[in-house]
Amino acid sequence: MSTLKGIDISYWQGNVDFAKVKSAVDFIIFREGYGTTIDSKFLEYVKGAKSSGIPIHGIYHFCYSLNESDVIKEAESCLKSVKNAGLGKDTIIFFDFEYDTVTKAKSKGVNLGKTQCTNFTVKFCEYVESQGYKA
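Residues are numbered in the working numbering as their position in the sequence shown, beginning at 1, plus a constant of 909.
Right, dumping it as structure tokens:
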């Protein structure tokens, strides 16, 4: 069994030389966005990876939802970005629910716990799959 080496890239990595990256990895996963905002480098990165021949195995979307209605808006926004980037339905879409999700919600007076994390993630993934994508 061979092991593949992959990396995830977001805006925080700045300008990326995909020709150099190609020699070091087998695949990439990109941050598509957060909330209903697209990562400002997402489309540029997808184009760079494609032109360098690096497989894009997936994307991730960082959750800033406060409720289940927000989750659907985020899922719709995410899929719009994926389509605009020309990524196919074989692209795996991850939902990233982290410490910052909870911190931002708390600053808006919403306390998120295990139950919300689970419910939001299930709701996001179900929506993505209902549109024919892999979650």
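Quick reminder that beta carbons are idealized off the backbone N, C-alpha and C, glycines included.
Cβ-heavy atom distance, residue i to the ligand FMN, below 8 Å
i: S990; result: Among the components modelled here there is no ligand, and therefore nothing to report on the ligand FMN.
Rounded C-alpha distance that separates residue i from residue j
i: E953; j: R940; result: 12 Å
i: D948; j: G957; result: 15 Å
i: C1034; j: A1044; result: 5 Å
i: F1006; j: T1030; result: 8 Å
i: I965; j: A933; result: 14 Å
i: G942; j: H970; result: 5 Å
i: S1039; j: T946; result: 22 Å
i: G1041; j: I937; result: 21 Å
i: A972; j: S911; result: With the sequence shown as reference, residue 972 is identified as Cys, and Ala is not the correct amino acid for it. The alpha-carbon atoms of C972 and S911 are separated by roughly 33 Å.
i: S986; j: T1000; result: 16 Å
i: K992; j: K998; result: 9 Å
i: K914; j: I963; result: 12 Å
Bridge partner(s) assigned by DSSP for residue i
i: F1004; result: H970
i: K1043; result: I1001
i: I965; result: I937
i: Y917; result: The question names Tyr, but residue 917 in the sequence shown is Asp. Looking at the DSSP assignment, D917 forms a beta bridge with I938.
Residue i burial status per 10 Å Cβ neighbour count (16 or more: buried)
i: S974; result: buried
i: G967; result: buried
i: K1032; result: buried
i: Y1008; result: exposed
Simplified DSSP state of residue i, which is helix, strand or coil
i: T945; result: coil
i: A994; result: coil
i: V1019; result: coil
i: G957; result: helix
Validate contact between the region 976-990 and the region 925-932 using beta carbons, cut 8 Å, 3 pairs: no
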